[in-house]
Each structure stands twice: as structure tokens, then as C-alpha cells.
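Heads up: the structure comes next, in C-alpha cells.
In the numbering used here, the protein residues as written are 445 to 561.
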């Protein structure tokens, strides 16, 4: 089973940028889908972006045009580039991996992103 470790969170002013990284313990080439979710205080965890094994990507409407998910198979790492950050992007961001065969769902420990207005 793969293990996920996020990094890159921090405090940034509104309008700024951050890049989150999700390093995995195994090759990510064949993982069915990986993604980023976030959870703000008092709110449910929500999908931010996903990238499938065929490099198809999907984004929440709230981040389209501002965030970009990508993967570096050689480094077994998935990234989330976040630009034009807003106060409402403040949340704990979690990396996620889902595989069909063998089946598993794995979450990282989360990394805090705080955007000051």
C-alpha cells in the first residue's frame, strides 16, 4: 500500500502562490487516480483537483483557472500549484490516492494552507 506525505503548505497573502507536493512511497504511474482535497474549519472535506493515470485532470469550480495539478512520475510526486490565492482557500489540504487493482484508498496527513486577506 502506498504512503503519502504532503509538504509545501504555509502562510501567504491573498493573491500569492504556493505549490504543494505529495510524495509517495511507490511508483505513481499505475495508481488509478490521485488528487487533492481540502477541509476548512467547520466545513466538510471537499475535492480540489484530481489527476488520473492517463493524466486526465479535473478541478472544483472554485479553483478552475487558478490551481493546476500535475505529476512527476520519475519523482513519484504529485503537485498542486495554487495561484491567485484567496482567503477562502484557507484549509488543510490532503493528498489522496485511489487504486482499483489492488483496491485501496489512502490519505496523507494534511498540510495547512493559510491565506491572509
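For each residue, glycine too, the CB sits at the ideal point set by N, CA and C.
Query: Secondary structure of residue 499, DSSP reduced to three states; Result: coil
Query: Simplified DSSP state of residue 505, which is helix, strand or coil; Result: coil
Query: Limits of the beta strand (DSSP E) - the one that residue 512 falls within; Result: 511-516
Query: Distance between residue 555 and residue 456 (C-alpha atoms, nearest Å); Result: 14 Å
Query: Same chain, Cβ closer than 6 Å to residue 561, neighbours up to 5 away in sequence not counted; Result: 458 and 531
Query: Which of helix, strand or coil DSSP assigns to residue 484; Result: coil
Query: Top-ranked residue by Cα proximity to residue 476, from 484, 461, 499 and 491; Result: 499
Query: Beta-carbon proximity of residue 480 to residue 467, cut-off 8 Å; Result: no
Query: Status (buried if at least 16 other CB within 10 Å, exposed otherwise) for residue 515; Result: buried
Query: Inter-residue Cα distance where the pair is residue 539 and residue 552; Result: 5 Å
Query: Extent of the continuous beta strand (DSSP E) run through residue 451; Result: 448-451
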